[in-house]
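Just so you know, the sequences run in chain order A and B.
For the record, in the first sequence the residue sitting at position 119 is 118 according to numbering that gives the first Met the number 0, with numbers rising by one throughout.
For the record, in the second sequence the residue sitting at position 313 is 312 according to numbering that gives the first Met the number 0, with numbers rising by one throughout.
In this text, a Cβ means the ideal position worked out from N, Cα and C, and glycines have one as well.
The next block holds one structure in the form of structure tokens; read it before the comments.
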Amino acid sequence: MPDEESQLDEASAEEQKGAETPAEKPSEKAPAEASADPPTADQSEEEEADAKPRPPAGGIADLLAEALPDVKLEAYQGMTDVIVEVERDDIMKIMPVVKDDPRLDLKFLRCLFGVDHEDEGLEVVYQLLSLEKGHDVVIKTRLPKDDAHVASVTSVWKAANWHERETRDMFGIMFDDHPHLVPLLLPEDMTDHFPLRKDNPLAEIEEWQGDELPEEGFGGAAKRR
Amino acid sequence: MVQEQQLETVDINVNMGPQHPSTHGVFRMVLTIDGERVVDVEPHIGYMHRGAEKLSENMDYRAAIGFQDRTDYLAQFLNEQAYCMAVEKLLELAVPERTEYIRVILCELNRITSHFMFLGAFGIDLGYFGTSFTYGFRERERIQDIFEEVTGERMMYGYFRPGGLAWDVPDNFVQMIRDVLPHARQGLNDLDVLMTQNEIVAARTKGIGAMSAEDSVNWGLSGPMLRAAGIDWDLRKDKPYSIYDRFDYDIPVGSHGDVFDRYLVRLEEARQSIRIVEQALDQLPDGPIMPEKMPRRLRGPEAEVYAAVEGPRGEYGIYIVSKGGDKPYRLKIRPPSFCNLSALRDMTVGNYVADAVAILGSIDIVLCDVDR
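See below:
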């Protein structure tokens with residue numbers, strides 16, 4: 000099948016691209032290094048597991064690093080957005096700054112949601128946008144499954160209120176200091192079951208017709224009754 | 000000497016919904032009222048929650064298109080567009096020129112039908128009863144007929160595919176739309192004449208449910224709700240996607256952020272959509288509707304993408320987390336109605352009970368979009 004092959008080619012090309020541009024903290028990166036030579040073979044092999052393309056120089060990732068000099072930020076270029084991974088405990092240090100800093104001006108919370116990475120814990124994703132400057136960024140943080148707590152950002156963006164309630168419903172992530180963290184989309188008593196977690200697979204589709212179907216078909220079953 | 004009796008005033012809880020004609024679907028809100036004033040609102044949603052996100056995780060990229068029609072069921076083409084754009088970004092598919100044009104034409108017509116629905120229902124919320132609804136639906140029906148002719152469906156189109164379209168449009172596609180546009184324009188004028196200058200509408204809507212520009216941004220409002228507050232933000236202009244940079248049209252912006260401005264913005268937006276459709280029909284090229292090399296199974300790389308469209312209710316976005324394979328690992332829908340509705344309490348408290356209905360109507364919610 001030629002089309003499947005081309006798909007494979009694309010995938011390997013993507014991998015190659017990723018390997019050539021290893022992840023690096025934005026604070027360590029000068030604009031001159033943006034077009035640095037690809038690393039040697041053994042280097043790329045070493046970093047293959049978590050090789051991520053760097054964000055464009057002078058972009059939102061650099062502005063974030065500038066505004067938040069003493070916070071650990073791990074920025075890389077995603078397929079469509081710049082993604083910044085942060086520590087969970089830093090959330091309330093970061094969020095008020097990114098909203099109010101005039102260089103960033105990320106006043107619009109597009110969306111907030113959770114992702115279940117199974118063994119690698121849960122993740123909370125904040126999609127931020129600046130209507131004035133037109134730039135956007137995705138901020139992420141990881142939480143361990145047995146201690147799924149993170150500070151609520153409702154005091155920064157009111158929009159987070161319902162998003163956080165929904166995320167609690169679906170993933171069981173507790174948002175500390177949320178003003179009203181009760182079930183939103185799910186029934187009020189459904190507080191111990193988190194449907195969007197990966198350990199809640201969809202039920203099998205029942206095939207009731209199987210071996211209970213009489214030999215002669217439906218007509219026969221109706222007659223017997 | 001008569002002792003003055005100590006009378007107690009009690010706040011009353013009034014339950015509205017889930018089955019109530021003015022809640023536009025299965026939505027319940029508990030109003031706490033002091034006389035005729037609303038002092039608190041507690042919205043209850045989730046009656047229509049079907050787990051579209053979870054179901055999408057268990058289906059391959061083509062199969063999950065159907066859920067997009069069923070979220071915001073008044074803007075199906077726009078939702079399909081957002082979903083297909085997200086998958087196309089993930090798989091790096093190039094969409095043929097003709098497909099882009101057909102998508103834009105259908106999406107803008109869809110925006111017009113959605114706004115007709117709003118204008119008709121809005122009149123009912125304000126007590127017009129039949130007139131505005133008849134005006135709105137008469138014209139909406141003509142456009143609906145075109146959709147039926149093109150897709151074979153009246154509501155759940157399922158017409159867009161990652162990379163292209165399910166099939167090409169019928170031969171009389173351009174002529175059909177050219178015939179319908181004057182009617183649509185006339186319908187908008189009729190509603191304009193009926194409502195804009197009407198004193199009762201003005202009394203019921205001006206200054207009601209106003210939200211400042213700053214609050215609107217903080218609450219994450221989008222679409223006409225945000226623009227009514229005076230913020231000129233439209234994804235079609237500010238983050239151009241598809242081929243929207245090729246057309247000449249204006250973005251209407253309000254100034255007060257009240258119910259009346261939201262109505263005006265939607266009315267004008269529908270007119271601008273007619274302009275876009277006219278230009279797109281003039282430019283519609285011939286050619287294929289699917290990319291030449293289309294993989295039989297859609298397999299995404301390990302990546303994350305976000306794609307959003309400016310729907311009639313606001314930014315409708317799809318965030319896909321892919322870990323390889325033919326299914327999304329996580330698919331998140333950013334529902335515009337959900338975000339807009341979350342600000343209901345701030346807009347309603349302090350107003351009269353009767354205005355609560357007008358405010359809820361002005362948000363133009365679709366409950367299937369809120370609950371997914």
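When C-beta distances to chain B are compared with 8 Å, the residues of the segment 92-126 of chain A below that value are Lys-106, Phe-107, Leu-108, Arg-109, Cys-110, Phe-112, Val-114, Asp-115, Val-124, Gln-126, in chain order.
By the CB criterion at 7 Å, B/Arg-298 and B/Ser-336 fall outside the cutoff. Closest in C-alpha terms to B/Tyr-240, from the list B/Lys-88, B/Ser-361, B/Met-58, comes B/Lys-88. Judged by DSSP secondary structure, B/His-182 falls within the alpha helix (DSSP H) whose first and last residues are 172-194. Membership of A/Gln-76 in any alpha helix (DSSP H) is not indicated; the residue belongs instead to the beta strand (DSSP E) covering 72-76. Counting C-beta atoms within 10 angstroms of its own C-beta, A/Asp-198 has fewer than 16 neighbours from the protein chains shown and is therefore classed as exposed. Against chain B, a Cβ distance below 7 Å from A/Leu-130 picks out Val-216, Ile-230, Trp-232. When B/Arg-184, B/Ile-32, B/Asn-57 are compared, the shortest CA-CA separation from A/Glu-203 is found for B/Asn-57. Here B/Thr-31 is bridged, per DSSP, to B/Asn-12, B/Asp-39. Annotated three-state conformation of B/Phe-259 is helix, per DSSP. Counting only residues of its own chain and dropping the five nearest sequence neighbours on each side, B/Val-258 has a CB closer than 7 Å to the CB of Thr-204, Ile-207, Gly-208, Ala-357, Ile-358, Ser-361. Taking CB atoms only, B/Asn-12 has no neighbour in chain A less than 7 Å away. B/Arg-61 has a beta carbon lying at 7 Å or more from every beta carbon in chain A. Shown here, A/Asp-115 sits in a strand according to DSSP, grouped into three states.
A/Asp-175: member of the beta strand (DSSP E) spanning 173-175, first to last residue. For the C-beta of A/Thr-166, not a single chain B residue is nearer than 9 Å; the gap to the nearest is close to 10 Å. Taking C-beta atoms under 8 Å as the contact rule, B/Val-37 and B/Val-352 qualify, at a distance of about 6 Å.
Against chain B, a Cβ distance below 7 Å from A/Pro-194 picks out Gly-50, Lys-53. CA-CA distance, A/Lys-106 to A/Ala-64, rounds to 18 Å. Contacts between B/Ile-44 and chain A, judged by CB atoms closer than 7 Å, involve Leu-183, Leu-184 in chain order.
Nearest to B/Leu-225 by C-alpha distance, out of B/Gln-5, B/Tyr-262, B/Val-192, B/Asp-191, is B/Tyr-262. By the criterion of at least three beta-carbon pairs nearer than 8 Å, the segment 265-284 of chain B is in contact with the segment 105-112 of chain B. Within the segment 77-97 of chain B, those residues whose Cβ lies closer than 9 Å to any Cβ of chain A are, in chain order, Ala-85, Lys-88, Leu-89, Leu-90, Glu-91. In chain order, Ala-66, Leu-67 place their CB closer than 7 Å to the CB of A/Val-96, counting only its own chain and leaving out the 5 sequence neighbours on each side.
For B/Asp-124, the CB contacts under 7 Å within the same chain, skipping 5 residues up- and downstream, are Ser-21, Val-356, Ala-357, Gly-360 in chain order. Fewer than three pairs of CB atoms, one per stretch, sit closer than 8 Å, so the segment 215-231 of chain B makes no contact with the segment 274-284 of chain B. By the neighbour-count criterion, in which 16 or more other beta carbons inside 10 Å mark a residue as buried, B/Asn-217 falls on the buried side. Interface with chain A (7 Å Cβ-Cβ cutoff): B/Arg-265 is excluded. Of B/Arg-329, B/Arg-333, B/Phe-172, B/Leu-164, the smallest CA-CA separation from B/Cys-83 is found for B/Leu-164.
Below 8 Å, enough C-beta pairs join the segment 80-98 of chain A and the segment 152-165 of chain A to call them touching: three or more. Residues of chain B with a Cβ closer than 8 Å to the Cβ of A/Thr-79 are, in chain order, Lys-88, Glu-303, Val-304, Tyr-305, Ala-306. Contact check between the segment 338-350 of chain B and the segment 28-44 of chain B: three or more CB pairs, one atom from each, fall below 8 Å, which counts as touching. Around the CB of B/Arg-295, fewer than 16 other CB atoms lie within 10 Å, so the residue is classed as exposed.
Chain order gives no chain A residues near B/Asp-71, where near means a beta carbon separation below 7 Å; the closest approach is about 15 Å. By the 16-neighbour rule on beta-carbons within 10 angstroms, B/Trp-232 is buried. Annotated three-state conformation of B/Ala-306 is strand, per DSSP.
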